[in-house]
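Read the structure below first, then the notes.
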Amino acid sequence: FSFSWQTTFQDGGEEVEDGAVYNVTLKKVQIQQAANKGARWLGGEGDQLPPEHTVRQYETSKIRAIKAGTLEKLVENLLTAFGDADFSYISIFLATYRAFASPRAVLELLLDRFGNLETSSHGEVANLNSLESEMVLRAEIASVLRAWLDQCSEDFREPPDYMCLLKLLDYLKNNMPNSDMESRVQNLLKQFQNQEVEAVDGFCSTSSSDLVDGEELEISNPEEFSSFQDHVVAEQLTYMDVMLFRRVVPYHCLGSIWSQRDKKENKNLAPTVRATITQFNAVTKCVISTILGTRELKIQQRAKIIEKWIHIAHECRILKNFSSLRAIISALQSNSIYRLKTTWMCVSKDILLMYEELSDIFSDHDNYLTSRELLMKEATSKFANLDSSEKENQKKSQKRLQLQKNKGVMQGTVPYLGTFLTDLIMLDTALQDYVEGGLINFEKRRREFEVIAQIKLLQSSCNSYCLIPDQKFIQWFRRQRHLTEEESYKLSREAEAAADTNILSPKSQKSMVKRISTLFLGTDVFTPPKEQPLKSSPVGGSSGESTDSASVSSCEFNHSETEDVCVTPVSSPEDPLKKSSVGSDKGYDSDKGSISSDKGSGSSKGSVFDTGSGLDSGSIVSRDLGSVPSSAPRVLPVYNRQSEGSCIIRVSMDGLHASVYKSILITNQDRIPDVTQRALLKHNLEPDAVEDYELVQVISEDKELVFPRDANVFYGMNSHVNFDFILRKKA
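Structure below.
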């Protein structure tokens with residue numbers, strides 16, 4: 001007989017149980033069956049027979065996926081998910097449960113309620129109460145525990161007591177004595193106990209605390225920097241990025257967790273994400289320091305350093321390191337570097353074109369569609385996919401790529417983490433944590449897992465890297481003293497003032513300035529060629545609130561407030577206190593989730609690592625967005641666009657944190673008191689003081705829209721300008 005299968009899916013609606021709601025899908029499989037003998041005689045080609053000579057059989061199965069439930073039901077579903085054909089449930093739960101429960105709460109439910117074979121209310125045990133059902137239940141629990149240890153062993157790192165591991169070990173000794181699982185837990189406990197608890201900056205390879213005794217931070221020596229080959233610098237930056245990215249704990253990136261990092265009690269929250277941000281900012285500041293740190297440099301020498309960094313960025317692209325690539329581009333687009341027009345004029349045309357192509361990767365068009373598509377394409381490829389419109393660049397790229405291939409070692413992919421942080425912040429803002437009846441909205445967690453799964457895929461790909469640390473470069477990198485925003489801007493003005501303006505004729509100078517300016521169009525920085533106020537483009541797509549970040553609105557993440565190293569000049573280059581905190585001019589304050597200058601002056605309206613962490617579940621209003629089946633595509637609210645009765649606005653506090661804004665979801669039902677209260681909560685201020693504040697929308701530099709006390713914000717706002725608001729104390 002020959003068989004062929006045709007599978008169709010049909011929506012089976014919902015099933016409601018006490019404490020849980022399930023989405024039901026009917027899977028219908030059609031099986032065509034026929035005898036091979038005589039197939040040709042009957043007129044069929046190969047195994048294909050005329051319809052009248054086939055036998056059709058149908059098999060229908062039901063797939064149940066929990067949509068919402070109590071914590072108890074969600075934990076119980078860990079044991080029944082395979083039976084319901086919800087095969088990804090355990091992985092989704094383990095990757096996201098920290099948003100609504102602690103490891104101890106889940107473990108106690110799993111072991112005490114469902115793992116106690118004498119008192120368990122689990123269906124099979126209650127109905128059959130047989131040895132066979134006990135074995136089935138024990139196997140189910142063992143499967144969940146094994147997955148937990150495989151995927152999220154860090155959940156059990158709770159020094160110094162390790163209560164969860166000890167509880168688990170006690171359970172295994174009583175119910176699964178001498179098992180492989182028991183030995184594994186014992187070994188894990190010993191491993192944790194023998195390891196020193198790492199400090200928050202212990203994750204970061206660029207911490208100044210790593211310096212050898214007696215060493216001091218210093219401004220880069222141009223000759224020493226020039227001695228490092230471009231590909232060596234790129235490889236070492238990639239080595240450091242890989243080490244940090246592989247350590248990232250995926251649940252640290254969840255919007256509900258990352259958005260809480262700026263609270264005083266959470267200063268040690270999400271250390272693995274903070275470490276990647278610190279490294280990103282260190283690279284950006286290193287670029288600026290090497291270009292501006294030495295006053296004695298001539299124009300051509302400074303241009304050569306810029307060219308070298310562009311070559312290093314290109315090498316990072318070949319290595320598929322999008323984190324350092326973005327950091328370097330951000331630094332070159334920073335206000336203090338971008339304004340060096342005379343220096344840029346000395347950069348060769350071919351290298352400027354290479355820089356333009358690298359900058360285009362991070363264009364904010366269609367919510368950074370180019371970088372997103374490229375990242376997913378590279379994630380599954382052995383080597384970089386290099387395309388260049390310039391023959392010379394293409395030739396160089398292919399030559400370097402061929403050298404990589406000749407080594408026979410596949411390359412991994414290091415992403416710009418801010419992209420994922422932004423997406424997770426936006427999901428956390430747009431979807432409710434709980435649905436009707438106080439049930440945990442697990443549909444939201446399924447959506448979040450789609451992002452988490454991409455992070456895990458890329459982390460896995462990083463195992464393909466085979467990079468050896470170069471201690472000479474690493475020590476040089478750690479020794480670099482980073483310039484403050486004021487220092488870099490002052491040095492930038494001095495360098496430009498000292499430049500020989502007669503180096504080019506007026507005609508060629510005008511042409512070159514025009515060409516340089518066009519490099520930024522479509523990228524994160526939109527800057528006129530003349531010394532006039534610079535305007536950054538709005539943050540692409542749905543970047544979350546810059547949570548506390550000096551908003552670099554043109555950068556991707558807005559990085560989601562996580563990463564942001566801002567790249568966008570926002571104000572006149574002649575006023576360092578008003579200009580945006582560009583790139584490495586400002587450091588990203590990971591504790592505050594913002595980019596702030598060393599002296600706290602200056603603000604930026606766009607940031608690379610602005611992951612909108614300020615978005616938290618507290619800003620979700622009463623809309624049951626979680627009621628839509630996960631299979632149905634849904635347009636989520638975004639910044640700067642009203643859609644389906646909702647949108648996201650950014651609210652900053654006047655006078656208190658002028659450069660810090662929070663993203664807030666509003667609907668067409670929200671009035672001023674509701675929005676004001678949520679804004680105060682987001683900024684960690686007393687929400688009862690609603691009457692003391694007024695909400696205004698920033699229309700332009702000299703115009704504001706003041707809302708009456710009971711106005712409907714959604715319908716009253718000006719939808720033709722940026723959705724930027726200020727909360728100001730009433731006079």
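When we follow UniProt numbering, the leftmost residue of the sequence shown carries the number 1, and every step to the right adds one. Every residue, glycine too, gets a C-beta built ideally from N, C-alpha and C. For clarity, every value in this text was computed on a predicted model and none was experimentally measured.
Residue j beta carbon less than 9 Å from that of residue i
i, j, result
"residue 66", "residue 16", "no"
"residue 241", "residue 321", "yes"
"residue 293", "residue 481", "yes"
"residue 103", "residue 155", "yes"
"residue 272", "residue 249", "yes"
"residue 257", "residue 99", "yes"
"residue 224", "residue 470", "no"
"residue 676", "residue 693", "yes"
"residue 452", "residue 491", "no"
"residue 71", "residue 24", "no"
"residue 467", "residue 245", "no"
"residue 335", "residue 412", "no"
"residue 349", "residue 230", "no"
"residue 318", "residue 358", "no"
"residue 165", "residue 158", "yes"
"residue 646", "residue 714", "yes"
Minimum C-alpha distance to residue i - residue among the options
i, options, result
"residue 664", "378, 316, 429", "429"
"residue 745", "491, 195, 701", "This structure leaves residue 745 out entirely; the chain is present only between 1 and 731."
"residue 62", "76, 71, 371, 85", "85"
"residue 708", "700, 719, 696, 451", "696"
"residue 496", "279, 345, 437", "345"
"residue 93", "111, 83, 112, 73", "73"
"residue 685", "700, 724, 729", "729"
"residue 437", "69, 60, 27", "69"
"residue 703", "718, 711, 691, 689", "718"
"residue 651", "680, 670, 644, 637", "680"
"residue 162", "149, 144, 179, 193", "193"
"residue 144", "181, 324, 29, 691", "181"
"residue 377", "454, 489, 222", "454"
"residue 488", "362, 379, 332", "332"
"residue 366", "638, 442, 87, 116", "638"
"residue 296", "243, 222, 689, 364", "222"
"residue 112", "87, 90, 267, 138", "138"
"residue 327", "340, 371, 281, 228", "281"
Burial state of residue i (16 or more Cβ within 10 Å)
i, result
"residue 682", "buried"
"residue 369", "exposed"
"residue 536", "Because the pLDDT at residue 536 is just 35, under 50, the model does not fix this residue reliably, and the value given afterwards should be weighed accordingly. With 16 or more Cβ atoms within 10 Å of its Cβ, residue 536 is classed as buried."
"residue 447", "buried"
"residue 355", "buried"
"residue 255", "buried"
"residue 338", "buried"
"residue 653", "buried"
"residue 140", "buried"
"residue 648", "buried"
"residue 206", "Below a pLDDT of 50, predicted positions are generally treated as unreliable, and residue 206, at 41, falls in that range; no measurement from the model is reported."
"residue 57", "exposed"
"residue 524", "Here residue 524 scores only 36 on pLDDT, less than 50, and its place in the model is too uncertain to base an answer on."
"residue 374", "buried"
"residue 590", "Legend: pLDDT at residue 590 = 35, less than 50; position of this residue unreliable, value from coordinates given subsequently. Counting Cβ neighbours within 10 Å, residue 590 comes out buried, since at least 16 surround it."
"residue 97", "buried"
"residue 29", "exposed"
"residue 131", "exposed"
"residue 441", "buried"
CB-CB length for residue i against residue j, believed under 8 Å
i, j, result
"residue 732", "residue 316", "Residue 732 falls outside the range modelled here, since the chain spans only 1 to 731, and no answer is possible."
"residue 449", "residue 253", "Residue 449 to residue 253, Cβ: 12 Å. No contact."
"residue 260", "residue 269", "6 Å"
"residue 751", "residue 698", "Outside the modelled stretch of the chain, which goes from 1 to 731, sits residue 751, for which no answer is possible."
"residue 110", "residue 75", "6 Å"
"residue 722", "residue 668", "Not really, about 19 Å apart at Cβ, beyond 8 Å."
"residue 351", "residue 310", "5 Å"
"residue 176", "residue 142", "7 Å"
"residue 414", "residue 323", "5 Å"
Contact with chain B by residue i, beta-carbon distance below 9 Å
i, result
"residue 447", "Any reference to chain B falls outside this structure, which holds one protein chain only."
Next item on the list: For the segment 281–292 and the segment 475–490, state whether three or more C-beta atom pairs, one from each stretch, are separated by less than 8 Å.
Entry: Touching, yes, given that three or more Cβ pairs across the two stretches are closer than 8 Å.
Margin query: Across the segment 450–468 and the segment 298–311, are there enough close Cβ pairs to call them in contact, namely three or more that are closer than 8 Å?
Written below: Put simply, the segment 450–468 does not touch the segment 298–311. Fewer than three CB pairs are less than 8 Å apart.
Check: Can we say the segment 465–479 touches the segment 169–179, given the rule of at least three CB pairs closer than 8 Å?
Finding: The segment 465–479 vs the segment 169–179: no contact.
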